[in-house]
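Chemist: Residue numbers (my numbering): 18 to 252.
Questions regarding the structure given below will be posed in turn.
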Amino acid sequence: MILHVGSTHDNQPKISSNQLGEYIFATPSRKIQILQNHKFGSKFCAPYYTPALEGIIRSFQNGRFSRDILTDTIHTIESQKPHKPYHIAKKKNNVQALKSFLEIGDDANPPLGDHKIISRNARVVIDGVAVSARPEIITEVKQEGLAAFTKLRISKSRASADAQEIVLLVLLHYGQQQSHDELVFSLEKTKLIDCFSKTIIAGHTIGRHRDHQLHKALAEIRTLWPTIKPRDESR
Numbered sequence: 018m019i020l021h022v023g024s025t026h027d028n029q030p031k032i033s034s035n036q037l038g039e040y041i042f043a044t045p046s047r048k049i050q051i052l053q054n055h056k057f058g059s060k061f062c063a064p065y066y067t068p069a070l071e072g073i074i075r076s077f078q079n080g081r082f083s084r085d086i087l088t089d090t091i092h093t094i095e096s097q098k099p100h101k102p103y104h105i106a107k108k109k110n111n112v113q114a115l116k117s118f119l120e121i122g123d124d125a126n127p128p129l130g131d132h133k134i135i136s137r138n139a140r141v142v143i144d145g146v147a148v149s150a151r152p153e154i155i156t157e158v159k160q161e162g163l164a165a166f167t168k169l170r171i172s173k174s175r176a177s178a179d180a181q182e183i184v185l186l187v188l189l190h191y192g193q194q195q196s197h198d199e200l201v202f203s204l205e206k207t208k209l210i211d212c213f214s215k216t217i218i219a220g221h222t223i224g225r226h227r228d229h230q231l232h233k234a235l236a237e238i239r240t241l242w243p244t245i246k247p248r249d250e251s252r
C-alpha cells in the first residue's frame with residue numbers, strides 16, 4: 018500500500034489529526050488557538066515527545082518492538098544533561114512515555130506481514146477540511162489481501178481517552194481511501210497505541226458517536242476558518 022498525499026489549496030481549512038482530537042473536547046478559546054496555530058503557524062508548536070516517538074520507531078526491528086532498544090533509549094535520555102529548566106520536565110515525561118510503552122509489551126506489535134515505517138505526513142480531506150493523518154507503520158498482509166495501520170500517540174491531555182478515538186477515526190477514513198482491489202484496508206488489524214494510558218484501540222471498536230463528533234467539529238472548523246485572525250489582530 019502506497020500512501021497518496023492529498024493536495025490542498027491555500028484557503029482550505031487544515032488541522033492535524035492529533036490537534037483535531039483535542040479540538041473536539043477543548044474550550045472555545047483553546048479551539049481558536051488551535052486554528053490560529055494551523056492557519057498562521059506557531060514557533061511554540063514543536064513536537065514535545067519527539068525523543069520518545071523516535072525511540073519507539075527506532076526500536077521497531079523485524080516486525081517487533083525491541084525491548085532492549087527501548088531500554089537503551091530510556092537510559093540515553095535519562096543521562097542527558099538538561100540545558101534549561103523546562104528540559105527537566107520534558108526529559109521526565111519522555112522517559113515516562115517510553116516506560117509506559119514497555120509495559121504494553123507484545124500487544125503493541127503490528128500484525129504479522131510486510132512492514133513499512135512512514136516518515137512523511139499525508140493528508141486526507143474530510144468534509145472540506147485537510148487533516149494530516151500519518152500512521153507510523155503500514156503493514157501489508159498479502160496472503161489475506163489486507164493492509165493495516167499502526168498509530169502511536171503520546172499525550173497527557175485530560176481528554177486523551179476521548180481524543181485518541183478521534184485520531185484513530187481520522188486514520189480509518191484515510192485508510193479506507195487507500196483501499197484497492199489487491200489490498201483492502203482492515204479496520205480490525207488497524208490500531209492506535211496510546212502510551213500514557215497504556216491502551217490499544219482497534220479500528221473496528223470505534224463507536225458511531227465518534228463519527229458524529231468528528232463531522233460536527235469539521236463543520237465548525239469550516240465555519241470558523243475565514244474568521245480566524247493572527248493573535249495580535251484578534252485581541
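Virtual Cβ for every residue (Gly too), placed ideally from N, Cα, C.
Everything numeric in this text was worked out from a predicted model, so none of it was measured.
Tell me which residues share the same chain as Pro2 and place their Cβ nearer than 6 Å to its Cβ, disregarding the 5 neighbours each side in the sequence.
Modeler: Since the first residue shown for the chain is 18 and the last is 252, residue 2 is missing from the structure and cannot be characterised.
Chemist: Taking buried to mean at least 16 other C-beta atoms within 10 Å of its own C-beta, is Phe202 buried or exposed?
Modeler: Within the sequence shown, residue 202 is the residue found at index 185, counting from 1. Per the 10 Å Cβ criterion, buried.
Chemist: Short check: CB of Asn111 to CB of Pro64, under 8 Å?
Modeler: Position 94 of the sequence shown, counting from 1, holds the residue named residue 111. Position 47 of the sequence shown, counting from 1, holds the residue named residue 64. No, they are not a contact pair.
Chemist: Please return the same chain residues whose Cβ sits closer than 7 Å to the Cβ of Ser214, not counting the five positions on each side in sequence.
Modeler: Your numbering for residue 214 matches position 197 in the sequence shown. Cβ within range, chain order: Ser177, Ala178.
Chemist: Do you know offhand how far Ala164's Cα is from Lys133's?
Modeler: Numbered from 1 along the sequence shown, position 147 holds the residue referred to as residue 164. Numbered from 1 along the sequence shown, position 116 holds the residue referred to as residue 133. For Ala164 and Lys133, the distance between alpha carbons rounds to 11 Å.
Chemist: From Lys286 to Ala236, what does the alpha carbon distance come to, in whole angstroms?
Modeler: Look at the range of the chain in this structure, 18 to 252, and you will see that residue 286 is not part of it.
Chemist: Going along the chain, which residues of its own chain have a beta-carbon closer than 7 Å to the beta-carbon of Gly72, five neighbours each way excluded?
Modeler: On the sequence shown, residue 72 is found 55 positions in, with the first residue counted as 1. Within the same chain, Gly72 has close Cβ partners Leu87, Thr90, Leu115.
Chemist: Report the residue from Val142, Thr216, Ile171 whose alpha carbon sits nearest the alpha carbon of Ile121.
Modeler: Within the sequence shown, residue 121 is the residue found at index 104, counting from 1. It is Thr216.
Chemist: If you count every other CB in all the chains shown that lies within 10 Å of the CB of Pro152, and 16 or more means buried, which is it?
Modeler: Reading the sequence shown from its first residue, position 135 is the one you call residue 152. Pro152 should be labelled buried.
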